[in-house]
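Notes follow the structure.
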Amino acid sequence: LLFWKEIELLSNVNDFHVCSLLGTINNQRTTAVFEYHSLDLYQYLRQQSIPMDNCSASSFLLSLACQIASGMKYLSSNQIVHRDLAARNCLVSSINNQLHITDLAMVKSEYANDYARVGRLQSRIALRWSAWESIFLNQFSLKSDVWSFGVTLYELYTYARQRPYHALTNEQLVQQFATFSQESIPTLSVNTFVSLPKPELCSKEIYDMMCECWQRDSTQRPSFADIFTFLLGRASGSAPLVIPEKL
């Protein structure tokens with residue numbers, strides 16, 4: 001029943017930057033058939049040479065960021081929670097290098113180490129991309145997707161050369177998030193617990209927006225509509241140097 005509810009939901013998804021459900025095959029088991037591209041964004045980034053200066057990287061990376069934000073804006077406008085946004089879950093078209101958001105990485109053996117069983121329910125989640133409330137409370141929402149988007153931007157601006165929180169083991173990271181989740185931590189210092197460092201090729205404005213995605217209070221994180229507008233403005237050179245307005 002849950003499978004068919006999801007199929008019904010996905011059958012109505014129609015966006016250029018989200019992989020489409022092409023149909024189902026009914027044999028002994030029902031199989032969903034999705035649009036697919038063999039190269040994902042993680043692989044694509046690692047194939048690229050890292051530019052020596054910010055200007056060379058800026059338009060390229062902003063284009064990718066805008067495409068992901070556009071797809072997530074569409075999903076969020078339809079109240080669809082992704083739960084596993086990351087570079088590995090963005091496919092790259094071999095025809096025009098356009099991005100298409102998918103949700104297949106969890107079943108790929110090469111990404112097995114990106115997932116861990118954590119929390120009271122021992123749910124298998126992408127620990128290093130997940131919001132604290134997803135880890136400890138098993139709560140997933142449009143705003144936990146925003147958190148994951150911030151980590152995905154970090155992947156973009158490091159050309160996927162740096163694993164998020166690479167210096168920490170899973171156990172150390174869980175402990176750090178546990179400290180972060182405590183309401184007694186002063187607001188001004190709270191983001192020092194979980195904010196990833198600013199990538200060398202990332203502007204201050206983009207990094208500030210990334211940090212907004214990692215706010216402890218999920219209601220204080222920007223919406224995908226805000227994020228898309230902000231990034232599109234940066235891509236066209238007309239964005240104000242402020243954080244997107246929160247809902």
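For the sequence shown, full-length UniProt numbering assigns the number 1 to the initial residue and increments by one for each residue that follows. For every residue, glycine included, the Cβ atom is placed at its ideal position computed from N, Cα and C. Please read these numbers as outputs of a predicted model, since none were measured by experiment.
Below 8 Å on the Cβ atoms is my guess for V92 versus Y44; work out the distance and round it to an integer in Å. One-based indexing of the sequence shown puts residue 92 at position 92. One-based indexing of the sequence shown puts residue 44 at position 44. That belief holds up - the Cβ atoms of V92 and Y44 are roughly 5 Å apart, short of 8 Å.
From S63, R83, Q47 and E133, residue whose alpha carbon lies closest to that of T179: Mapped onto the sequence shown, residue 179 falls at position 179. When only C-alpha atoms are compared, the closest one is E133.
In this structure, does DSSP put P240 in helix, strand or coil? By 1-based counting over the sequence shown, the position of residue 240 is 240. With a pLDDT of only 40 at P240, under 50, the local geometry of the prediction cannot be trusted, and the value read off the model is given with reservation. It is coil, neither helix nor strand.
Distance check for L153 and A160, CA to CA, integer angstroms please. Here residue 160 corresponds to residue number 160 of the sequence shown, with the count starting at 1. Here residue 153 corresponds to residue number 153 of the sequence shown, with the count starting at 1. Cα to Cα, the separation comes out at about 10 Å.
Measure from the alpha carbon of R221 to the alpha carbon of each residue in S203, G233 and G150, then state which is nearest. Numbered from its first residue, the sequence shown carries residue 221 at position 221. Closest option to R221, Cα to Cα, is G150.
Tell me the start and end of each unbroken beta strand (DSSP E) in the stretch 40-104 that is at least 3 residues and wholly inside, in chain order. 90-92 and 99-101
Quick one, which of I80, M209 and M52 has its alpha-carbon nearest W147's? Here residue 147 is taken as the residue at index 147 of the sequence shown, counted from 1. Considering only alpha carbons, the answer is M209.
Measuring straight from C-alpha to C-alpha, what distance separates residue 249 and Q28? It is not possible to answer for residue 249, since the shown part of the chain is limited to 1 through 247.
Whole angstroms is fine: what's the gap from Q139's alpha carbon to L62's? Counted from its first residue, the sequence shown places residue 139 at position 139. Counted from its first residue, the sequence shown places residue 62 at position 62. If you take the alpha carbons of Q139 and L62, they lie about 30 Å apart.
For P197, does the count of other Cβ atoms within 10 angstroms reach 16, so buried, or fall short, so exposed? Within the sequence shown, the letter at position 197 stands for residue 197. Flag for P197 reads exposed.
Are H17 and Q67 touching if we call contact CB-CB under 8 Å? One-based indexing of the sequence shown puts residue 17 at position 17. One-based indexing of the sequence shown puts residue 67 at position 67. Going by C-beta atoms, H17 is nearer than 8 Å to Q67.
For D217, count the other beta carbons within 10 Å of its own beta carbon; 16 or more makes it buried, fewer makes it exposed. Which is it? Here residue 217 refers to the residue found at position 217 when the sequence shown is read from its first residue. Exposed is the call here.
In three-state DSSP terms, what is R163? Locating residue 163 in the sequence shown gives position 163, where the first residue counts as 1. Looking at R163 - three-state DSSP - the assignment turns out to be coil, as it is neither helix nor strand.
Can you have a look at H166 and say buried or exposed, based on whether 16 or more other CB atoms are within 10 angstroms of its CB? Counted from its first residue, the sequence shown places residue 166 at position 166. So H166 counts as exposed.
What residue range is occupied by the uninterrupted beta strand (DSSP E) comprising V13? Along the sequence shown, read from residue 1 onward, the residue named residue 13 stands at position 13. Per DSSP, V13 belongs to no beta strand (DSSP E) and is neither H nor E.
Pick out whichever of E212, A86 and I101 has its Cα sitting closest to the Cα of D15. Within the sequence shown, residue 15 is the residue found at index 15, counting from 1. Minimum Cα distance to D15 is reached at I101.
Cut-off 6 Å between Cβ atoms - residues of its own chain near V194, not counting five sequence neighbours on either side: Counting from 1 along the sequence shown, the entry for residue 194 is found at position 194. Cβ within range, chain order: F180 and W214.
Thinking C-alpha only, which one of S58, E155 and A131 is nearest S203? Taking the sequence shown and counting its residues from 1, one reaches residue 203 at position 203. Answer by Cα proximity: S58.
Between D103 and the rest of its own chain, which residues show a CB-CB distance below 7 Å, the 5 nearest in sequence each way excluded? Locating residue 103 in the sequence shown gives position 103, counting from the first residue. Once the five neighbours on either side are set aside, the close Cβ partners of D103 are H82, D84 and N89.
Residue closest to I95, alpha-carbon to alpha-carbon, out of V174, S223 and L39: Translated into positions along the sequence shown, residue 95 becomes position 95. Comparing Cα-Cα distances from I95 to each of V174, S223 and L39, the minimum goes to L39.
Among all the DSSP beta bridges, which residues are the ones paired with A112? For this step, residue 112 is matched to residue 112 along the sequence shown. Answer by DSSP bridge pairing: none, since A112 is not bridged.
Can you give me the C-alpha to C-alpha distance between S130 and L232, rounded to a whole angstrom? As a first step, residue 130 must be located in the sequence shown, where it is residue number 130. As a first step, residue 232 must be located in the sequence shown, where it is residue number 232. C-alpha separation (whole angstroms): 25 Å.
CA-CA distance, A86 and S70? On the sequence shown, residue 86 is found 86 positions in, with the first residue counted as 1. On the sequence shown, residue 70 is found 70 positions in, with the first residue counted as 1. Using only the alpha carbons, I get a separation of about 14 Å.
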